[in-house]
Amino acid sequence: MIIVLKKEADDAVARELLGQIEDFGLQPLHMPGVERTVLGALGDERILQKLHLQNHPMVESVRPVLSKYKLVSRELQPQDSHVQIGPVTIGGKGFTVIAGPCAVESFEQMLETAQKVKAEGAVMLRGGAFKPRTSPYSFQGLGLEGLEILKAVSRETGMPTVSELIDAKDLEAMVEHVSALQIGARNMQNFAMLKAVGETGHPVVLKRGMSATVEELLLAAEYIVSTGNANVVICERGIRTFETATRNTLDLNAVAFIKERSHLPVLVDPSHGTGIRSLVAPMAKAAVACGADGVMVEVHRDPAAALSDAAQSLAPEDFHALMAGLAPFVTAAGRNDLARAAR
Ligand code: PEP
Ligand code: MN
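In this note's numbering, the protein residues as written are 37 to 379.
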């Protein structure tokens with residue numbers, strides 16, 4: 037339920053109503069705005085009726101939140117959310133480029149990659165320490181050692197980091213070592229994990245499951261936010277369709293749709309979205325055009341030697357070309373100049 041207060045309602049009124057909402061066992065939300073204060077009450081709608089909030093002299097209107105996902109919807113919060121990850125803000129006017137290898141392989145590999153992508157304007161470093169691999173015989177990641185490398189490289193370069201959590205038992209170590217927790221496609225509906233990352237309050241990059249609908253993705257985000265963690269960034273990474281020409285089908289409809297319905301920032305991952313190196317740059321441009329708040333791309337210092345996702349990894353010179361090609365699109369979309377990030 038959304039409760040819009042009258043312009044003249046002061047803070048005491050908001051507090052009184054929030055108290056009533058809480059006394060009824062509902063989740064109260066306080067959203068003070070420039071014009072007027074909006075309150076939210078989440079929970080059993082039948083209880084909400086009993087509150088008769090519409091009769092309060094300082095209440096202008098009471099209406100239900102129609103979408104299944106509530107906290108992440110624009111019905112509840114019309115303005116864009118900004119998610120702060122270290123010095124980087126995702127959402128708003130900026131266009132954020134996150135780059136790095138699929139997997140952390142060594143300290144030298146991460147440091148060299150970080151320095152190179154930073155010089156081109158990437159503001160955040162990616163790299164999996166724990167890798168969810170289709171085959172048990174593939175490289176599974178360096179684990180804790182990988183996390184330590186990410187932390188050391190972040191300290192050295194000043195870049196915040198994002199890395200995937202594949203088992204809730206690693207959560208504490210992840211929070212300690214990386215700036216943002218990535219929930220991968222394979223865990224998008226691991227509800228226990230979503231609640232656990234929610235409880236940490238640590239920023240989360242939530243990737244879309246490969247056969248998840250947009251509604252399921254937004255409900256997964258709702259799990260995290262409803263556990264008390266508003267720092268959620270959505271990432272479209274392609275879905276499984278009948279098409280086999282590309283690794284996945286990058287669903288850019290979803291980006292425009294989510295931007296319309298949700299206030300959360302949205303990234304696009306054109307690396308997993310296509311699985312093909314030469315398609316990463318064109319789809320990164322398309323991401324700008326459809327309203328994404330940034331891209332996350334895989335870059336390896338020597339793609340031929342990459343221990344995972346070699347075919348979609350960009351070499352540093354490919355990344356240079358991607359950034360140069362992307363810049364005019366970012367400017368045309370009215371977003372902040374990419375080159376500023378490189379300075
Ligand atoms: C990754 O980012 O390397 C990854 C495994 O992504 P996804 O979960 O989207 O497959
Ligand atoms: Mn990968």
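Glycine is no exception: its CB is placed at the ideal position from the N, C-alpha and C atoms.
Quiz prompt | Inter-residue spacing [alpha-carbon to alpha-carbon] between residue 38 and residue 116 | solution = 18 Å
Exercise. Excluding the 5 residues preceding and the 5 following residue 312 in the sequence, name in chain order all residues of the same chain whose CB lies nearer than 8 Å to its CB.
Key: 282, 283, 347 and 348
Practice problem: Can you check DSSP and say which residues form a bridge with residue 217? | Solution: Residue 217 is bridged to 199 and 240.
Quiz item: In terms of residues, what are the limits of the alpha helix (DSSP H) holding residue 258?
Solution: 250-262
Self-check item: Simplified DSSP state of residue 294, which is helix, strand or coil
Solution: helix
Quiz item: Is it the case that the CB of residue 138 approaches a heavy atom of the ligand MN more closely than 7 Å?
Solution: yes
Quiz item: Which term fits residue 355, buried or exposed, when burial requires 16 or more other beta carbons within 10 angstroms of its beta carbon?
Solution: buried
Practice problem: Determine, using beta carbons only, whether residue 287 and residue 131 come nearer to each other than 8 Å. | Solution: The answer is no: Cβ separation not under 8 Å.
Self-check item: Assigned exposure category for residue 325 - 16 Cβ within 10 Å defines buried
Solution: exposed
Quiz item: Are there three or more Cβ pairs, one per stretch, closer than 8 Å when the segment 125-142 is compared with the segment 54-74?
Solution: No, because fewer than three Cβ pairs between the segment 125-142 and the segment 54-74 fall closer than 8 Å, the two stretches do not touch.
Quiz item: So, is the C-beta of residue 124 closer than 8 Å to a C-beta in chain B?
Solution: Absent here is chain B; the protein component of the structure consists of one chain.
Quiz prompt | C-alpha gap between residue 363 and residue 134, whole angstroms | solution = 15 Å
Quiz item: Are the Cβ atoms of residue 333 and residue 320 separated by less than 8 Å?
Solution: Yes. Within cutoff.
Quiz item: Roughly how many whole angstroms lie between the Cα atoms of residue 136 and residue 53?
Solution: The alpha-carbon atoms of residue 136 and residue 53 are separated by roughly 48 Å.
Quiz item: Taking the DSSP output, what are the residues bridged to residue 63?
Solution: 78
Quiz item: Is the beta carbon of residue 182 less than 8 Å from the beta carbon of residue 153?
Solution: no
Quiz item: So residue 109 and residue 98 are in contact, right, with Cβ under 8 Å, and what is the actual spacing, rounded?
Solution: About 17 Å separates the two Cβ atoms, so there is no contact after all.
Self-check item: Per DSSP, the bridge partner or partners of residue 334
Solution: In DSSP, residue 334 forms a bridge with 136.
Quiz item: Who are residue 271's beta bridge partners in DSSP?
Solution: 243 and 303
Practice problem: Could you name the residues that DSSP lists as bridge partners for residue 164? | Solution: 139
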